[in-house]
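Undergrad: Before I ask anything, let me first share the structure, which is written out below as structure tokens.
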Amino acid sequence: MPKREEVRGDDGGEPELGGDGGEKSRFGTRQVLPSELTLRSPRATMYCEAVQDQLRRDDLDYLEERRRRAALRAARYQQSLRRYHQRHVRARSLCVDDLVLRRVQTRAGLSKLSPMWEGPYRVIGVPRLGSVRLATGDGTELPNPWNIEHLRRFYP
1 MPKREEVRGD
11 DGGEPELGGD
21 GGEKSRFGTR
31 QVLPSELTLR
41 SPRATMYCEA
51 VQDQLRRDDL
61 DYLEERRRRA
71 ALRAARYQQS
81 LRRYHQRHVR
91 ARSLCVDDLV
101 LRRVQTRAGL
111 SKLSPMWEGP
121 YRVIGVPRLG
131 SVRLATGDGT
141 ELPNPWNIEH
151 LRRFYP
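Numbered per full-length UniProt numbering, the sequence shown spans residues 1 to 156.
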């Protein structure tokens with residue numbers, strides 16, 4: 001015998017934490033077991049089709065409101081996450097004539113015990129924030145600017 005479904009009350013069908021332990025389906029309805037129908041449980045005797053239809057219509061009316069609240073909650077969370085990140089991020093900057101180590105870009109042919117950094121290199125220019133131009137120890141300039149993410153300050 002298939003299960004019958006009953007729409008939940010005015011909570012809008014949103015899932016509850018630690019509810020009454022009844023089975024819940026996807027759309028906010030609680031399933032009525034066949035034994036509840038044959039034994040005439042209070043839930044089955046109090047069921048009124050007209051009231052349930054009205055509750056379904058009300059649920060549809062409040063759907064946009066629930067979506068708007070969820071969007072606001074997500075925006076608030078994103079904002080707090082952004083604030084946390086801005087508070088805890090450390091700005092890194094390098095100046096001309098600083099010594100740096102450069103991360104090894106190609107690991108092909110190297111063992112896991114090979115050094116991860118090569119250098120030291122001297123910073124010869126800062127074209128824009130977050131990138132620098134490097135030169136080797138003998139003064140030869142590297143062809144491309146390097147992102148500060150791939151560099152580490154070197155203390156001789």
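Yeah, the Cβ is synthetic: ideal placement off N, Cα and C, and Gly gets one too. The structure presented is a predicted model; accordingly, all values stated were derived computationally and were not measured.
1) Can the beta-carbon of P127 be found closer than 7 Å to that of L99?
2) If we count the other Cβ atoms within 10 Å of its Cβ and call it buried at 16 or more, is L151 buried or exposed?
3) Measuring only the C-alpha atoms, how far is F154 from L142?
4) When the Cα of D138 is compared with those of I124, W146, S131, L63, which residue comes out closest?
5) Given this structure, state the Cα-to-Cα distance separating S80 from L110, to the nearest angstrom.
6) DSSP puts residue 158 in a beta bridge; with which residues?
7) Would you decide whether T140 is buried or exposed? Buried here means 16 or more other CB atoms lie within 10 Å of its CB.
8) Compute the Euclidean distance between the alpha carbons of V132 and T106, then round it to the nearest angstrom.
9) Using the beta-carbon count (16 or more within 10 Å), is R83 buried or exposed?
10) In the DSSP assignment, find the alpha helix (DSSP H) that holds L72 and state where it starts and stops.
11) Once you ignore the five residues that flank P145 on each side, which residues in its own chain have a CB closer than 7 Å to its CB?
12) Does the distance from the CB of L101 to the CB of W117 come in under 7 Å?
TA: In terms of the structure at hand:
1) no
2) buried
3) 18 Å
4) I124
5) 43 Å
6) No information on residue 158 is available, as it lies outside the stretch 1 to 156 that the chain covers here.
7) exposed
8) 20 Å
9) exposed
10) Per DSSP, L72 belongs to the alpha helix (DSSP H) from 63-88.
11) Here the set comprises P127, S131, V132, R133.
12) yes
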